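The sequence shown begins at 888 in our numbering and counts up by one.
In this text, a Cβ means the ideal position worked out from N, Cα and C, and glycines have one as well.
Keep in mind the model is a prediction, meaning the values are calculated, not measured.
Below: the structure, in structure tokens.
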Amino acid sequence: MRFPRWLIRAVLITAVLLIGSTAIGYSKAEDPYRSFNGMGSSVSVAPSDDKLAFTYIKDGQEKIYTSTTGGKNPEPVTDLDQPQFSPSFHPHSPDDILFLSEQKNSVRSLYTAETPSSQVERLTGSELHVRDAAYSPDGTLIYFLGMPAEAWKSAGRNTEEGFNIYSMPADGGAYKKITSESKYLMGNISPDATGNMLLYTYTEGPEDEIHVGMKTLNNKVYEEHIEFANNLPGGLYNPTASPSESLYAYTTNVASSQEPSYQYDLFLYDLEEMQAKRLTNHESNIESPSFFHHSKDIAYMHQKNWPEEPAEFELRIVNSETGADEVVPVNMNQAGDSLLAAGLGAAQKAVNVYVIGFFYTLFGSWFIIAAHKKYRPLLVGAASTVAVLGVWVFCRIGEASYPWLAAVCSGLIVPLLICTGILFLFGLIQSYRLNIREYKASSQ
């Protein structure tokens, strides 16, 4: 039989949309940030309190920008054509910024940049992988977490060459290792206001529990810091010392023990009163708290879509006294982006498992309508059911050989089963309608 033209066009258009959305969804699962544009996860406040440095992702590549504290006049810090992370202002110079940049071999190196001249100096070579860094309070030294690059690239947990704390002159020169811990993973290094104590986080134990570590720099033990660390909750992240000697910001999980998810908020710990104060109520993900130097404000990054990827962060400032918590509207002015990049970014944001499921259901529905008498609509619904079962079998069998692909397929099983159930039901209804029509025609 001849099918009406509208049905053929509908099948072709839906097929194109289904294939396109599936391809975009596959690309999104493989690299969620490929065409992404949005705020990164790091922010730092200048010592003058009139400027912010933050990371922004454009077409999948993260770079560092500066703006006013109100988010106006954002400008790139460097011309480096490679990913940049973790900006940190010099404590006495709002024009000097410390940051990390990733090489093609996934090794991150330490850099400094001078604004607005965009002069860049590389401080560490390819022999060392750097994870986090910070200036000393007097600005004469840089402390950073690093490990041998070869050990980092091996990605083996059993390596004896793990992360350690290093120091080097702020104007460059030879670095030296000041610990011999060789931790599997360390992060969030932060000198206290006196310059005598370093705080950092590290993972330990079979469950990779997060712990707070302390390193004294003058061979003295500070009992108040030990008590501070002992009073902190488990699973603490981003410990950050304030410019004063008694305040620390950190993030931790606020979900109850009955909740399976992880929900984080920002807290402030007063070392003198030995008390913690909750500053935010987002119950999502908080990154990179940074203290203002002449006010009670703290800048931080809030992930709005936690725990989804790509992560959509917004820059916020909270006042630790009043609790006022406001978004900093940063206008990155994407007018210069190509139409293709803008289109891919919009498509990547729009496509999800529900969109793919809708096109899959619509595509199958057209075939059920087209089946008419020659191929029973019920068979189309049954065929789609067999296809979904085949995907499920592949996921079960392919777990060993293709773990990543099997994981992606497994995420589609439930939506596909729902859509297939709809198709099967639609096929039953269509078969019933056709049988009634044939019965009435034969009775006349």
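C-beta contact flag for residue i and residue j at 7 angstroms
i: residue 1024; j: residue 1080; result: yes
i: residue 1203; j: residue 1187; result: yes
i: residue 1177; j: residue 930; result: yes
i: residue 1197; j: residue 972; result: no
i: residue 988; j: residue 996; result: yes
i: residue 901; j: residue 1250; result: yes
i: residue 1054; j: residue 1030; result: yes
i: residue 1156; j: residue 1140; result: no
i: residue 909; j: residue 1305; result: no
i: residue 1089; j: residue 1098; result: yes
i: residue 1135; j: residue 1128; result: yes
i: residue 952; j: residue 927; result: no
i: residue 1185; j: residue 1215; result: no
i: residue 1257; j: residue 894; result: yes
i: residue 1057; j: residue 1015; result: no
i: residue 1133; j: residue 1159; result: yes
i: residue 1105; j: residue 1083; result: yes
i: residue 981; j: residue 1217; result: no
i: residue 970; j: residue 1001; result: no
i: residue 1190; j: residue 1168; result: no
One or two residues paired with residue i in a DSSP bridge
i: residue 972; result: 987
i: residue 954; result: 939
i: residue 1084; result: 1103
i: residue 1162; result: 1157
i: residue 995; result: 989
i: residue 1123; result: 1139
i: residue 1009; result: 998
i: residue 1204; result: 1186 and 1213
i: residue 980; result: 977
i: residue 1077; result: 1086
Reduced DSSP category for residue i - H, G, I as helix; E, B as strand; rest coil
i: residue 1223; result: Low confidence applies to residue 1223: its pLDDT is 48, below 50, so where it sits in the model is not reliable, and the reading given next is rough at best. Three-state DSSP puts residue 1223 in a helix.
i: residue 1332; result: Nothing about residue 1332 can be read from this structure; the chain reaches only from 888 to 1331.
i: residue 1093; result: coil
i: residue 1150; result: coil
i: residue 1303; result: helix
i: residue 933; result: coil
i: residue 1404; result: In this structure the chain extends from 888 to 1331, so residue 1404 is not present and cannot be described.
i: residue 1050; result: strand
i: residue 894; result: helix
i: residue 1334; result: This structure cannot speak to residue 1334, because the chain is shown only from 888 to 1331.
i: residue 1132; result: coil
i: residue 1032; result: strand
i: residue 1317; result: helix
i: residue 959; result: coil
i: residue 1023; result: coil
i: residue 1072; result: coil
i: residue 907; result: helix
i: residue 1310; result: helix
i: residue 1273; result: helix
i: residue 925; result: strand
i: residue 967; result: coil
i: residue 1037; result: helix
i: residue 857; result: This structure gives no information on residue 857, because the portion of the chain shown stretches from 888 to 1331.
Interface flag, residue i vs chain D, CB-CB below 7 angstroms
i: residue 925; result: The structure shown contains no chain D; it holds only a single protein chain.
Quick check: the segment 923-943 against the segment 969-979, are there 3 or more CB pairs under 8 angstroms?
yes
Are the segment 1003-1012 and the segment 1067-1079 in contact at 8 angstroms, needing three or more beta carbon pairs?
no
Sequence ranges, beta strand (DSSP E) only - wholly within the segment 1172-1202, length at least 3
1172-1178 and 1184-1190
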